[in-house]
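Undergrad:
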Amino acid sequence: MQLAFFMVILTLTYLSCEVQSESNLNIFGDMKYLPHDCKHKLKEQIQNECSGHTYQPLVIKVTDCTYTCGNEHENFFIQTKTNQTFNMKDGTPCGHSRVCVSGVCVDTCRMSFV
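So the sequence shown is residues -21 to -1, 1 to 93, counted in mature numbering (1 follows the signal peptide of the UniProt record, and there is no 0).
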């Protein structure tokens, strides 16, 4: 009976890990608005920023003007998640004729120029 219970837990743990790894495959989305070299540089900078955080070293989520670093821990039956969201620098492109300002994607012409 204990062996059967162990096998069920082991199977569920494996499936749980498989689903998590598949969901993180495309956290950056398409970023169609950026040239290929800029897209690569932005991804690299976000990954470097997150990897510099001791307790939140993984990129969890990326939106137009924010990125979230975090981590998940599993110890037997306890699962904890920690994360922190950061705004991209003002002026970061986030679409056609759009840039980030204070974590929000705005039309370029709506920016304050003076």
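Beta carbons: idealized from backbone N, C-alpha and C, even for Gly.
Determine the contact status of Gly82 and Asn66, defining contact as a CB-CB distance below 7 Å.
TA: Sequence index remark: in the sequence shown, residue 82 carries index 103 (1-based). Sequence index remark: in the sequence shown, residue 66 carries index 87 (1-based). Their beta carbons are under 7 Å apart, which means Gly82 touches Asn66 by this criterion.
Undergrad: Less than 8 Å between the CB atoms is what I'm expecting for Cys84 and Cys44, so what's the real figure, rounded?
TA: Numbered from its first residue, the sequence shown carries residue 84 at position 105. Numbered from its first residue, the sequence shown carries residue 44 at position 65. Indeed, because the Cβ distance is near 5 Å, the residues count as touching under 8 Å.
Undergrad: Alpha carbon to alpha carbon, what distance is there between Phe55 and Tyr12?
TA: The residue given as residue 12 occupies position 33 in the sequence shown. The residue given as residue 55 occupies position 76 in the sequence shown. Going from the Cα of Tyr12 to the Cα of Phe55 covers about 43 Å.
Undergrad: Grab me the residues of Gly70's own chain with a C-beta within less than 6 Å of its C-beta, minus the 5 sequence neighbours each way, in chain order.
TA: The sequence position of residue 70 within the sequence shown is 91, counting from 1. For Gly70, same chain residues with a beta-carbon under 6 Å away, outside a window of 5 residues either side, are Val78 in chain order.
Undergrad: Terminal residues of the continuous beta strand (DSSP E) containing Cys44?
TA: Sequence index remark: in the sequence shown, residue 44 carries index 65 (1-based). Looking at the DSSP string, Cys44 is not in any beta strand (DSSP E), and its letter there is neither H nor E.
Undergrad: In terms of residues, what are the limits of the beta strand (DSSP E) holding Ile25?
TA: Looking up residue 25 in the sequence shown gives position 46. Ile25 -> not in any beta strand (DSSP E); alpha helix (DSSP H) instead, spanning 15 to 30.
Undergrad: Give every residue of the same chain whose Cβ lies closer than 8 Å to the Cβ of Val41, excluding the five residues on either side of it in the sequence, and list them in chain order.
TA: Counting from 1 along the sequence shown, the entry for residue 41 is found at position 62. Correct list, in chain order: Ile6, Phe7, Gly8, Ile25, Thr47.
Undergrad: Short check: CB of Gly49 to CB of Gln58, under 7 Å?
TA: Position 70 of the sequence shown, counted from the start, is the residue given in the question as residue 49. Position 79 of the sequence shown, counted from the start, is the residue given in the question as residue 58. No, the pair does not count as a contact, with Cβ atoms beyond the cut-off.
Undergrad: Using DSSP with H/G/I as helix, E/B as strand and the rest coil, what is Thr61?
TA: Working through the sequence shown from its first residue, we reach residue 61 at position 82. The answer is strand: DSSP assigns Thr61 an E or B state.
Undergrad: Between His52 and the rest of its own chain, which residues show a CB-CB distance below 6 Å, the 5 nearest in sequence each way excluded?
TA: Stepping through the sequence shown from its first residue, residue 52 is reached at position 73. Cβ within range, chain order: Thr59.
Undergrad: How would you write the range of the beta strand (DSSP E) that Val73 sits in, first residue to last?
TA: Here residue 73 refers to the residue found at position 94 of the sequence shown. At residue 73 the sequence reads Cys, which differs from the Val that was named. Per DSSP, Cys73 belongs to the beta strand (DSSP E) from 72 to 74.
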